[in-house]
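For the sequence shown, the positions run 6 to 241 when my numbering is used.
Here a beta-carbon is modelled for each residue, glycine too, at the ideal position from N, C-alpha and C.
This one's a predicted model, so the numbers in the text were calculated from it and none came from an experiment.
Notes follow the structure.
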Amino acid sequence: MDTQNDIVVGFALYQGCTLIDFAGATQVFSSTDGFKSVWLALEQTIITTEGVAIEPNYHFSKAPKIDILFVPGGGPNGVISAMQNKEYLKHIRKISETTTWNGSVCTGAFVLAAAGILKNCLATTYWSQIPTLGLLADKLKLKIPPSYPRFSIDMEQKIFTGGGISSSLDLALEMVLIIKGLETAQTTQLFIQYQPNPPVDAGDPDHAPQYITDRMRKEDEGFSKALTRQIEKIIN
6 MDTQNDIVVG FALYQGCTLI DFAGATQVFS STDGFKSVWL ALEQTIITTE
56 GVAIEPNYHF SKAPKIDILF VPGGGPNGVI SAMQNKEYLK HIRKISETTT
106 WNGSVCTGAF VLAAAGILKN CLATTYWSQI PTLGLLADKL KLKIPPSYPR
156 FSIDMEQKIF TGGGISSSLD LALEMVLIIK GLETAQTTQL FIQYQPNPPV
206 DAGDPDHAPQ YITDRMRKED EGFSKALTRQ IEKIIN
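Structure representation (structure tokens):
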């Protein structure tokens, strides 16, 4: 197989990012002819929100040419630390200048915003943090789609964003569909046997019982407040 002309997807990892955010999308892209996935980071080992130790392929400074920049979401400490990490932001900003596509899944949208990459586009994020992302709408000229989409693709700006966590699978498959077409996307979907049929139907607030949604919103209040403080710095 000739891999010289593969589209390289660079996952920009940081301490406290969420495993399936990048692992799920990596599975999709790596199962598709014409794509190559690489994991980038500042450190030799990344500890995810699940406590899993990950060894990235490259330090940012030694990364190959990246065609698609993909920033995962993470837990409160991870996301906010990444938003404050000038070296990390410098690297993803530099990568974004020569990519074809830039994007994120889940709360990675806030990291993209802190880097100045997320602007003038459609954008979404993890369901409980959509109102928080909305605080940036005027400053960054963001259009926030209604409800809780699995992904949002801005074809004009070539920016993609995903909903929470498992949305990385849908988002990556949509990118395969856009770039490689229907047959390739269907082939990838069949190869990874991705035919979701969950035993329960509570994947977003439009489907979950209200009391569970209310409880989880309350649990996320601390994260929302911390993100808001970082957003105020961007706005100001």
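Check                                                                                                                                                                                      : Outcome
Can you round the beta-carbon distance between L140 and A120 to whole angstroms, since I take them to be within the 8 angstroms contact cut?                                               : Actually they are not in contact, since the Cβ atoms of L140 and A120 sit about 17 angstroms apart, beyond 8 angstroms.
Rounded to a whole number of angstroms, what is the C-alpha to C-alpha distance between I85 and Q20?                                                                                       : 10 angstroms
What does the alpha-carbon distance come out to for the pair G80 and L117?                                                                                                                 : 15 angstroms
Using DSSP with H/G/I as helix, E/B as strand and the rest coil, what is I239?                                                                                                             : helix
If the criterion is Cβ atoms closer than 9 angstroms, does the pair I122 and G15 meet it?                                                                                                  : no
On a CA-only basis, which of K70, D26, A87, T218 is nearest K247? Give me that one, please.                                                                                                : Not covered by the structure: residue 247. The range shown for the chain is 6 to 241.
Ignore the nearest five residues each way along the sequence and tell me which others in M6's own chain have a CB closer than 8 angstroms to its CB.                                       : Because M6 sits at a pLDDT of 46, beneath the cut-off of 50, its placement in the model cannot be relied upon, and the point is left open.
If contact is defined by three or more beta carbon pairs under 8 angstroms, each pair taking one atom from either stretch, is the segment 52 to 60 in contact with the segment 202 to 221? : no
What is the DSSP secondary structure of K95, reduced to helix, strand or coil?                                                                                                             : helix
Measuring alpha carbon to alpha carbon, tell me which residue in N125, R220, I97 is nearest E161.                                                                                          : N125
Could you check how far apart the C-beta atoms of N62 and V43 are, in whole angstroms? I think they sit under 8 angstroms.                                                                 : 5 angstroms
Just how far apart, CA to CA, sit M88 and Q235?                                                                                                                                            : 8 angstroms
What are the boundary residues of the beta strand (DSSP E) that includes D107?                                                                                                             : Before going further, note that residue 107 is Asn rather than Asp in the sequence given. Per DSSP, N107 belongs to the beta strand (DSSP E) from 106 to 110.
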